[in-house]
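See structure below.
Residue numbers (my numbering): 71 to 525.
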């Protein structure tokens, strides 16, 4: 089984896998969420704690997911089953792969709606729609967008088509080609925006907000926030990384590769903060506006700056690329399973999957307008899908992957796949994946549920 090859193909080299997995990890949350929670929870002190959490939770579980994917060389569902059989256990472990693939499917259904907003703003920035607008007008324009199901439908549909076109191309002609183009463009746009912010006259304020060192602001709750973000930022628990790992070369280092992915993901989040917050502070706007920062606050800031239309367009183009690369990874596990299990071609699998997720997305889209009164457990369809995936499916997926690899996979299998140069590093990883990571994810799971249901 060690020399088994994926029927879907393989990454051309290790760096393509690193960029693809980084594209999966870098999403909308990197652009607005991480910089803000870092600034509000101790700045540099929070960043250090976050990096520690990445090493204790994110990196070990990501290594476990890549390990299973490369060992099984199939979709997460079939890889979990085959690797469980190889280790002498029941095939019911495939349920973990099912949960991850379904989580990715559910997330995409509402993520595509938000990505549609981004596409709308790319077009709006390019056409000059947001020139010389104030905060009130920007809020009204965003509200009008949410209340317009026809416009949302157009952009939601376009985003689904963009993603499924890549999925239909397979590993080499689809995922790899998109990665080679989109990720370098994303980095170029990010650094162009950073250069603009450095020369904005308010870079020092943005730097201070993100990196001021305030240990007293680092409360226990801030540590839990860091722990949670360390898990969610790397696209864990949804099968994406496991699917991408199945296309990884046998000789490539899993440990070194995962560290590079985690490092790039964190670097993008920090640079995004340094690119965005000087603009926000320069216009005396609220850095804590959350998602509204992207769709209300920043359009106002760009409208009041010299060259703001151009840089606003580039900013939303960058966000669009980040959303696109993340969404591709959400659909890959399901598409791979359809090809392997039902014998569909890549094109047919992509069309089937695209139609189904588009239909579910209509329910999420309608949450803001025509079906806003349709509630599931007191939540709109959009909020329910978000709650189900973020608070239940993803943490449980990460927990069971850690338990499976740490306790049910044989030592020989994990040693063979990881091939770590130092036995001490392997021992440390094994202790963390067996004891530390599952407990940390269980804490994330329990606290998220408590805050959502009680708090």
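Positions of the beta carbon are idealized from the N, C-alpha and C atoms, including for glycine.
Contact between the segment 122-134 and the segment 421-438 is absent: fewer than 3 CB-CB pairs across the two stretches fall below 8 Å. Here the C-alpha atom of residue 216 lies approximately 12 Å from the C-alpha atom of residue 441. For residue 101, the enclosing alpha helix (DSSP H) covers residues 98-110.
Residue environment analysis places residue 100 among the buried positions, since at least 16 neighbouring C-beta atoms fall within 10 angstroms of its C-beta.
The three-state secondary structure of residue 336, taken from DSSP, is helix. For residue 464 against residue 434, the beta-carbon gap comes to about 17 Å, at or over 8 Å, which does not count as contact. In the DSSP annotation of this structure, the continuous segment of the alpha helix (DSSP H) that includes residue 299 starts and ends at 290-302. Annotated three-state conformation of residue 77 is coil, per DSSP. The Cβ-Cβ distance between residue 402 and residue 245 falls below 8 Å. Remark: C-beta atoms of residue 134 and residue 475 approach each other more closely than 8 Å.
For residue 278, the uninterrupted alpha helix (DSSP H) segment begins and ends at 273-281. In this structure, DSSP gives residue 467 a helical state, which the three-state scheme calls helix. A direct Cα-to-Cα measurement between residue 276 and residue 110 gives close to 12 Å. Around the beta carbon of residue 289, a 10 Å sphere encloses fewer than 16 other beta carbons of the protein chains shown; the residue is thus reported as exposed. Minimum Cα-Cα distance from residue 74 among the listed residues 154, 256, 320, 471 corresponds to 320. Per the DSSP secondary-structure output, residue 170 pairs with nothing in a beta bridge.
The Cβ atoms of residue 161 and residue 171 lie no closer than 8 Å to each other.
Taking a cut-off of 8 Å for Cβ pairs, the segment 189-203 and the segment 437-452 do not touch, as fewer than three such pairs fall below it.
Between the alpha carbons of residue 381 and residue 117 lies a gap of roughly 28 Å. Contact annotation, residue 209 with residue 366: C-beta distance approximately 5 Å; criterion of less than 8 Å satisfied. Segment contact: the segment 87-101 against the segment 330-343, three or more CB-CB distances shorter than 8 Å; contact assigned.
In the structure shown, the three-state DSSP call for residue 448 is coil. Taking the Cα of residue 304 as reference, the smallest distance to any Cα among 124, 383, 76, 372 is reached at 124.
Taking residue 177 as the centre and dropping the five residues before and after it, the same chain places the C-beta of 308, 400, 459 closer than 7 Å to its C-beta, in chain order. If you look at residue 384, you'll find it in the alpha helix (DSSP H) that goes 378-412. Straight through space, the alpha carbons of residue 115 and residue 498 are spaced by roughly 25 Å. Under the three-state reduction of DSSP, residue 309 is assigned to coil, being neither helix nor strand.
In this structure, residue 394 places its C-beta atom within 8 Å of the C-beta atom of residue 233.
The secondary-structure analysis by DSSP pairs residue 113 across a beta bridge with 283.
Proximity to residue 479 across 138, 97, 93, 104 peaks at 138, based on C-alpha coordinates. Going by beta carbons, residue 282 and residue 97 fall outside the 8 Å limit.
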